[in-house]
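S.K.: Below is a structure I'd like to ask you about.
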Amino acid sequence: MTTTQAVAARRVSYQFETLWDFDYEPTHEDLQALYETAKKNQWNGSTAIDWSRAIGRDGPVLNVAMAFQGTNFFSRLTAEEQREVEIKVSAWRLSQFLHGEQGALLVASQLVNPMPELDCKLYASTQVVDEGRHVEVFERYVKRLHKIYPVDPLLKGLIDEILASGLWELKLLGMQMLIEGLAIAAFNLMRRQTGDPTLADLLDYVLQDEGRHVNFGYFALRRSIPLMDGKTREVLEEFAFNACDAMYGRDERTGFQSIKTVWSEMGWDAEQIWRDTITNSQTVKMFNRLLFTEVLIPRLQRLQLISSRVEPRYRAIGLLD
Ligand SMILES: [Fe+2]
Ligand SMILES: [Fe+2]
């Protein structure tokens, strides 16, 4: 990549309105409570987590052996190769979360401007600090574990679309509902599977904050969606469907494919392993489906964003019965 291309890939251009709120009248009771909790539960990434422990030595980092059960390639690897895959795949996955955290930081900082009500701005300000801290701890962890892998093009594209949108409702839907909703489900699973005490602590702390972020999005959208004009609502419906369609890993075309970088690094046939995983790993398939059907779809339904217009499309990709 040339330097000019690299600069262009890093830059997102956007235009949105910045609104003052001179009413100083509370509008969201649930957000005030959330704001209080956010102030009370701040933590310091440098001291809350004991960083003196060795990283990735005490047990499986993300237990990738489980994810690759049923595939042809994994059982044929030597114990040493399996261990290397464990570290690299964990670093690749955690790198995507690190980039996602940076994306959340950028989006949260944008939300302070266009959201019309002061209690939303105040709450969003606490999320900026939270996400800054998440970037800090993930960066520290991934660098010590192995190295930071590049951002997955699908994740980058999605976050860029959220950043570039002039609609704060789309930012909340994209970041707080979809990306953070999926991240929480993944963090919970990672928390159960990890044998590394440092990662376990990190996830416990991050999960506390993420729960609030999803609630923030839900409270604000629950209020704004019923008042929205038909056209804006359609924009949100389209965005939600397209994001689910791309992220729901169910065949060779879908899901986060930059894991192939790891396979190429090992000197293996990346395309073949990708196909092997998608076809034969029941755990991966089940987990991908569960993330959406248990977490995202019910929430989108509660927000009335799966209208009869888009419903058949969710059915066609297997996310609705
Ligand atoms: Fe976060
Ligand atoms: Fe978050």
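If you're matching positions, the sequence shown starts at 10 in this note's numbering and goes up one per residue.
All C-beta atoms, glycine included, are put in the ideal place defined by N, C-alpha and C.
(1) In chain order, what are the residues with a CB under 5 Å from some non-hydrogen atom of ligand 2?
(2) Which term fits VAL116, buried or exposed, when burial requires 16 or more other beta carbons within 10 angstroms of its beta carbon?
(3) What three-state label does DSSP hand PRO123 in the structure shown?
(4) Whole angstroms are fine: how far does the CA of LEU230 sit from the CA of ARG200?
(5) Taking contact to mean at least 3 C-beta pairs separated by less than 8 Å, is the region 186-198 in contact with the region 298-315?
(6) Helix, strand or coil for LEU300? Go by DSSP, reduced to three states.
(7) Any contact of the region 275-282 with the region 156-168, i.e. 3+ C-beta pairs under 8 Å?
(8) Using three-state DSSP, classify TRP277 as helix, strand or coil.
(9) Applying the 10 Å Cβ sphere with the 16-neighbour rule, what's the burial state of THR13?
(10) With DSSP collapsed to three states, give me the class of LYS165.
(11) Mind pulling the alpha helix (DSSP H) runs of 4 or more residues that sit fully within the region 155-221?
(12) Cβ of LEU172 within 8 Å of Cβ of GLN105?
(13) Look at the alpha carbon of THR135 and the alpha carbon of GLY79, and state the distance between them as a whole number of angstroms.
(14) Hey, which unbroken runs of the alpha helix (DSSP H) at 4 residues or more fall wholly within the region 223-262?
(15) So is the beta-carbon of ASP139 under 7 Å away from any non-hydrogen atom of ligand 1?
(16) Contact defined as beta carbons within less than 8 Å: I believe GLY175 pairs with GLN24. What is the distance between those atoms, to the nearest angstrom?
(17) Taking 7 Å as the line, does the beta carbon of HIS37 fall inside it for any heavy atom of ligand 1?
(18) Over the uninterrupted alpha helix (DSSP H) stretch that includes THR12, give me the two end residues.
(19) Report all residues from its chain with a CB closer than 6 Å to the CB of THR207; omit the five preceding and five following residues, and keep chain order.
(20) Pick from VAL271, SER99 and TYR323: whose alpha carbon is nearest that of ALA195?
(21) If you run the structure through DSSP and keep just helix, strand and coil, what is ASN50?
(22) What is the C-beta distance between CYS129 and HIS222, in whole angstroms, given that I count them as a contact (C-beta under 8 Å)?
(23) Determine, using beta carbons only, whether TYR132 and MET186 come nearer to each other than 8 Å.
(24) Can you give me the Cβ contacts of ASP210 inside the same chain, cut-off strictly under 8 Å, excluding the 5 residues immediately before and after it?
M.R.: In short:
(1) ALA113, GLU189, GLU219 and HIS222
(2) buried
(3) coil
(4) 29 Å
(5) yes
(6) helix
(7) no
(8) coil
(9) exposed
(10) helix
(11) 162-173, 177-180 and 189-202
(12) no
(13) 43 Å
(14) 239-256
(15) yes
(16) 6 Å
(17) no
(18) 12-19
(19) ARG62 and ILE64
(20) SER99
(21) coil
(22) Rounded, the Cβ-Cβ distance is 13 Å, inconsistent with contact.
(23) no
(24) ALA57, ILE58 and ASP59
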